[in-house]
Amino acid sequence: MRANGASQGKIGRRGKRTSKNTGDHGRRSAAGILSPPKYPRKEHRIERFGDFRTDPFYWMRGRRNPEVRRLLQHENAYMESVFAKLGGDQLFRTLFSEMRAHWKEGNASVPYRDRSCWFFSRNPPNAAYPIFCRRPFTEQTAGFMHEVGEMRGRDPLAPLPVYDDEVV
1 MRANGASQGK IGRRGKRTSK NTGDHGRRSA AGILSPPKYP RKEHRIERFG
51 DFRTDPFYWM RGRRNPEVRR LLQHENAYME SVFAKLGGDQ LFRTLFSEMR
101 AHWKEGNASV PYRDRSCWFF SRNPPNAAYP IFCRRPFTEQ TAGFMHEVGE
151 MRGRDPLAPL PVYDDEVV
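Going by full-length UniProt numbering, the sequence shown opens with residue 1, and the numbers climb by one from there.
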């Protein structure tokens with residue numbers, strides 16, 4: 001400890017002093033960018049089917065945990081400070097539009113059967129997220145996979161029709 005009570009830290013891998021203080025959420029660098037949040041590790045042992053594993057970030061699953069919410073708000077503020085330095089909203093819009101350009105509008109996945117339902121997803125035009133659907137497997141829908149195969153054979157880019165009995 002120094003005379004003023006501040007901790008010196010220890011020498012890190014690159015020969016620089018590292019701070020022991022992990023509560024500096026909100027300090028700005030010389031460039032005006034917030035420092036990224038530091039997530040504390042809290043070891044949690046999980047046993048599933050006779051296997052054991054340790055998850056140091058299991059505690060972050062708690063959506064209502066005030067510490068998790070505070071860290072997420074700090075991470076969002078960090079992201080905004082980085083984007084502000086690099087170009088702000090214009091860069092964000094450019095990146096979003098580039099990623100969105102790779103998404104095929106009106107596309108649907110190949111249905112697969114799991115127990116008593118067909119499952120598939122659709123990418124509706126101008127939607128931000130895909131829609132995940134299921135359709136009950138009955139005698140009437142037993143030929144659903146053949147119907148989809150025939151449609152894909154005629155036109156591989158044709159969207160699946162919307163069925164009345166489909167659950168979104």
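Positions of the beta carbon are idealized from the N, C-alpha and C atoms, including for glycine. Since we're looking at a predicted model, the values are computed, not measured.
- With 16 or more other Cβ atoms inside 10 Å of its own Cβ, F120 counts as buried.
- For S81, the enclosing alpha helix (DSSP H) covers residues P66 to L86.
- Judged by DSSP in its simplified three-state form, W59 adopts helix.
- Apart from the 5 residues on each side of it in sequence, F132 sits with its Cβ closer than 7 Å to the Cβ of S121 in its chain, given in chain order.
- A check of alpha carbon separations from K85 across L34, G62 and E47 identifies L34 as the nearest.
- Note on geometry: alpha-carbon atoms of N126 and E105 lie some 8 Å from one another.
- With fewer than three CB-CB distances shorter than 8 Å, the region 59-74 does not count as touching the region 86-96.
- The alpha-carbon separation between F92 and W103 amounts to approximately 17 Å.
- Distance from the Cα of Y112 is smallest, within the candidate group F57, P124 and F137, for F137.
- Linking P56 to Q73 through their CA atoms gives a straight-line distance of about 20 Å.
- Beta-bridge partners of W103 (DSSP): none assigned.
- Shown here for F83: same chain residues with a beta carbon closer than 7 Å to its own, the five before and five after excluded, namely L91 and F92 in chain order.
- Per the C-alpha coordinates, the member of P37, G50, E67 and R135 positioned closest to W118 is R135.
- Note on A108: 16 or more other CB atoms within 10 angstroms of its CB, so buried under the neighbour-count rule.
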